[in-house]
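**Q** Sharing a structure, written as structure tokens. Questions coming.
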Amino acid sequence: MHEVARDLVGATLLVDGAGGVLVEVEAYAPDDPASHSYRGRTARNAAMFGPAGYAYVYRSYGIHHCLNLVCGPDGEGAAVLVRALEPTHGLETMRERRGVEEVKLLCSGPGRLCEALGVTLVHDGLALDEPPFKLLRREAEPEVVATTRVGITRAVDLPWRYAVRGSDYLSRPVPS
DNA sequence: CAGTGGATGCTCT
DNA sequence: GAGCATCCACTGT
Numbered sequence: 351m352h353e354v355a356r357d358l359v360g361a362t363l364l365v366d367g368a369g370g371v372l373v374e375v376e377a378y379a380p381d382d383p384a385s386h387s388y389r390g391r392t393a394r395n396a397a398m399f400g401p402a403g404y405a406y407v408y409r410s411y412g413i414h415h416c417l418n419l420v421c422g423p424d425g426e427g428a429a430v431l432v433r434a435l436e437p438t439h440g441l442e443t444m445r446e447r448r449g450v451e452e453v454k455l456l457c458s459g460p461g462r463l464c465e466a467l468g469v470t471l472v473h474d475g476l477a478l479d480e481p482p483f484k485l486l487r488r489e490a491e492p493e494v495v496a497t498t499r500v501g502i503t504r505a506v507d508l509p510w511r512y513a514v515r516g517s518d519y520l521s522r523p524v525p526s
């Protein structure tokens, strides 16, 4: 799963033609106390226990949405949280949805990214290789750094956050 | 800059 | 009834 997470950085993700190049993701495993799949399958996280190549979307703090790409074997419950991307497609659409001009603020965070791409619960469980999703293999291999994950209270020390070193579009800078 | 607190809805204890 | 894989506005240096 960690290889998948690392390889996803640099790939291009589009939803209805809006999106960009992934610059920050986090891995979540079934035996990981910070993972939604840790306590087993429920109605909310059902998609996470499905086969790889599907989306798992959930509501966060009652306000935002967060997008995961399921990457474990069918039934395992492993996924990669998409935290930030560098906007390259549909900039004007994303600006309207976000109500912000600055490109750096369009997709630099899981909640912001879902708002910019228009991702909501209706996308939960959809296949990533079918519309409205489009996932393109990366063209060049970026320099990826592994650091600790953001915004969690358990398993805080696991270095399962993968980010492009020095990118201007991260949700937060990587510690030096 | 840093730090704090409110919004808001659903899941699990 | 607590606790979130968050974001933003506001405060005080």
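Under this note's numbering, the first residue of the first sequence is numbered 351, with each subsequent residue one higher. Don't be surprised by glycine CBs; every beta carbon is placed ideally from N, CA and C. Quantities reported herein were computed from a predicted structural model and do not represent experimental measurements.
1. Taking DSSP's pairing of strands, which residues face R409 in a bridge?
2. Hey, how far is the Cα of H473 from the Cα of Y512?
3. Determine the extent of the alpha helix (DSSP H) in which T443 is found, giving its start and end residues.
4. Which class does G400 belong to by DSSP, given the choice of helix, strand or coil?
5. Which residue comes first and which comes last in the beta strand (DSSP E) that contains E374?
6. Cβ of V432 within 7 Å of Cβ of A377?
7. Return yes when the Cβ of R448 is within less than 7 Å of the Cβ of A466, no when it is not.
8. To the nearest angstrom, report how far apart V450 and T503 are at their CA atoms.
9. Since I believe R499 is in contact with A384 (beta carbons under 8 Å), could you give me their beta-carbon distance rounded to a whole number of angstroms?
10. Can you name the residues that DSSP bridges to K484?
11. Measure how close the beta-carbons of V373 and E436 come, nearest whole angstrom, since I'm counting them as under 8 Å.
**A** Taking the geometry as given:
1. H415
2. 24 Å
3. L441 to R448
4. coil
5. A368 to Y378
6. no
7. yes
8. 30 Å
9. 7 Å
10. L364
11. 5 Å
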